[in-house]
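Step one of this worksheet: look at the structure below.
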Amino acid sequence: MSVTVQEVINRLTEPAGRLESTVDRVVAGSADAIVHGIAVTFAASFSVLQRAVQAGANLVITHEGIFYSHHEDGVDGMQASSVHQDKIDLIQSGNLTIYRFHDAPHRYVPDMITQGLVQALDWEPYIDTYLPTAALVTLPGELTVQEIAEDIKRKLILSYLRYVGNRGGICSRIGITVGYRGGGAHAIPLCVNERLDLLIAGEGPEWETPEYIGDAAAQGRNPSMLLLGHAASEEPGMACAAKLLRELFPQIPVHYIPPVPLIQVI
């Protein structure tokens, strides 16, 4: 039995309820298209779209926008770029429909993207609570920031992490916040109110939470902070979305396609 893009969207977004204001939408192609294969990714980069076409997928579900901006109107002057046009040509030649799945997964209970990271770290047995925009974990034993960082790098296959604070500090009470939730307005109250030993975040302005953590360290106080990067913190959650789609639509091939890491260290 044929399944349309809209039917996939309906099933995928149902747990989130109705969103009054959202960036989630079909950003290319048609909601009426029949789905032959699904590719799920954190970011629908040019190379990811190429791999989706090669895999036989005609529906791409991406967490982030496809044209370099949170909002789909993109960047001023972008339309004059050959990079932009070549991406459009690839979408059209591949008969791709692209659906932005950003706000809905964050409205799952618990937040699908946060839970995906917790599961990837094998920390779900140690969860104290899931907050709407964070997870709180109490790890057993006495682990240092350095030991936790090495464990995270191994499990997420990361070549490096950035940190602020005391790498030899003992950590038990840990806060986890994904994506761009590492900014001061969100992360600093989390550190204070939950008495964290360690904050694990995707990213945020470097002059906000990292400066607070740096001042705390200079005063001999916790917490420390590990910065995973936006993509690394949210990719496991999109892998969970792919798993869910396989359960919802077992008759449709579903591929999780991780983006190639963009930012390298030289």
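Residue numbers for the sequence shown follow our numbering, beginning at 8 and rising by one. All C-beta atoms in this analysis are idealised placements derived from N, C-alpha and C, irrespective of residue type, glycine included. As the structure is a prediction and not an experimental result, all values here were calculated from the model.
Per-residue burial, residue i [other beta carbons within 10 Å of its own, 16 or more giving buried]
{"i": "Glu-27", "result": "exposed"}
{"i": "His-78", "result": "exposed"}
{"i": "Asn-17", "result": "exposed"}
{"i": "Ser-231", "result": "buried"}
{"i": "Val-90", "result": "exposed"}
{"i": "Val-125", "result": "buried"}
{"i": "Val-15", "result": "buried"}
{"i": "Asp-129", "result": "exposed"}
{"i": "Gly-148", "result": "exposed"}
{"i": "Leu-269", "result": "exposed"}
Which listed residue (the options) has its alpha carbon closest to that of residue i
{"i": "Ile-177", "options": "Asp-204, Glu-213, Asn-102 and Asp-93", "result": "Asp-204"}
{"i": "Met-8", "options": "Leu-269, Pro-265, Gln-258 and Val-267", "result": "Gln-258"}
{"i": "Pro-212", "options": "Gly-191, Asn-102 and Pro-268", "result": "Gly-191"}
{"i": "Lys-162", "options": "Ala-127, Arg-253, Gln-61 and Gly-186", "result": "Ala-127"}
{"i": "Ser-52", "options": "Ile-264, Asn-173, Val-125 and Tyr-115", "result": "Ile-264"}
{"i": "Asp-222", "options": "Val-171, Ser-88 and Leu-206", "result": "Val-171"}
{"i": "Glu-210", "options": "Val-199, Gly-227, His-193 and Gly-236", "result": "Gly-236"}
{"i": "Leu-146", "options": "Arg-180, Val-60 and Leu-234", "result": "Arg-180"}
{"i": "Ile-45", "options": "Thr-11, Gly-227 and Gly-72", "result": "Thr-11"}
{"i": "Trp-214", "options": "Glu-149, Gly-189, Val-199 and Gln-13", "result": "Gly-189"}
{"i": "Val-272", "options": "Cys-247, Asn-229, Asn-200 and Leu-165", "result": "Leu-165"}
{"i": "Leu-197", "options": "Leu-168, Arg-174, Asn-229 and Tyr-167", "result": "Asn-229"}
Distance between beta carbons of residue j and residue i, contact taken as under 8 Å
{"i": "Val-55", "j": "Pro-266", "result": "6 Å"}
{"i": "Phe-4", "j": "Leu-19", "result": "Absent from the structure is residue 4, since the part of the chain shown begins at 8 and ends at 273."}
{"i": "Ile-183", "j": "Tyr-219", "result": "Not confirmed; about 17 Å, so no contact."}
{"i": "Ile-98", "j": "Ala-50", "result": "About 14 Å; that fails the 8 Å criterion."}
{"i": "Thr-104", "j": "Val-33", "result": "6 Å"}
{"i": "Pro-22", "j": "Tyr-115", "result": "5 Å"}
{"i": "Asp-110", "j": "Thr-48", "result": "That pair is no contact at about 17 Å."}
First and last residue of the uninterrupted beta strand (DSSP E) at residue i
{"i": "Asp-129", "result": "From DSSP, Asp-129 is part of no beta strand (DSSP E); its letter is neither H nor E."}
{"i": "Pro-147", "result": "141–151"}
{"i": "Ser-179", "result": "177–184"}
{"i": "Thr-216", "result": "Thr-216 -> not in any beta strand (DSSP E); alpha helix (DSSP H) instead, spanning 216–225."}
{"i": "Met-85", "result": "No beta strand (DSSP E) holds Met-85; DSSP gives it neither H nor E."}
{"i": "Leu-168", "result": "It is not in any beta strand (DSSP E) - Leu-168 carries neither H nor E in the DSSP assignment."}
{"i": "Ile-207", "result": "205–208"}
Run of the alpha helix (DSSP H) containing residue i, from where it starts to where it stops
{"i": "Ile-41", "result": "That residue, Ile-41, is in no alpha helix (DSSP H); it is neither H nor E in DSSP."}
{"i": "Ala-238", "result": "237–255"}
{"i": "His-113", "result": "110–114"}
{"i": "His-193", "result": "191–200"}
{"i": "Arg-58", "result": "53–61"}
{"i": "Thr-104", "result": "Run containing Thr-104: none in the alpha helix (DSSP H); it sits in the beta strand (DSSP E), 104–107."}
{"i": "Leu-19", "result": "12–20"}
At least three beta-carbon pairs within less than 8 Å, the stretch 60–71 to the stretch 121–140: Counting C-beta pairs with one atom in each stretch, the stretch 60–71 and the stretch 121–140 have fewer than three that are closer than 8 Å, which means they do not touch.
Contact between the stretch 115–129 and the stretch 233–252 (3+ Cβ pairs under 8 Å): The answer is yes - the stretch 233–252 touches the stretch 115–129, with three or more Cβ pairs under 8 Å.
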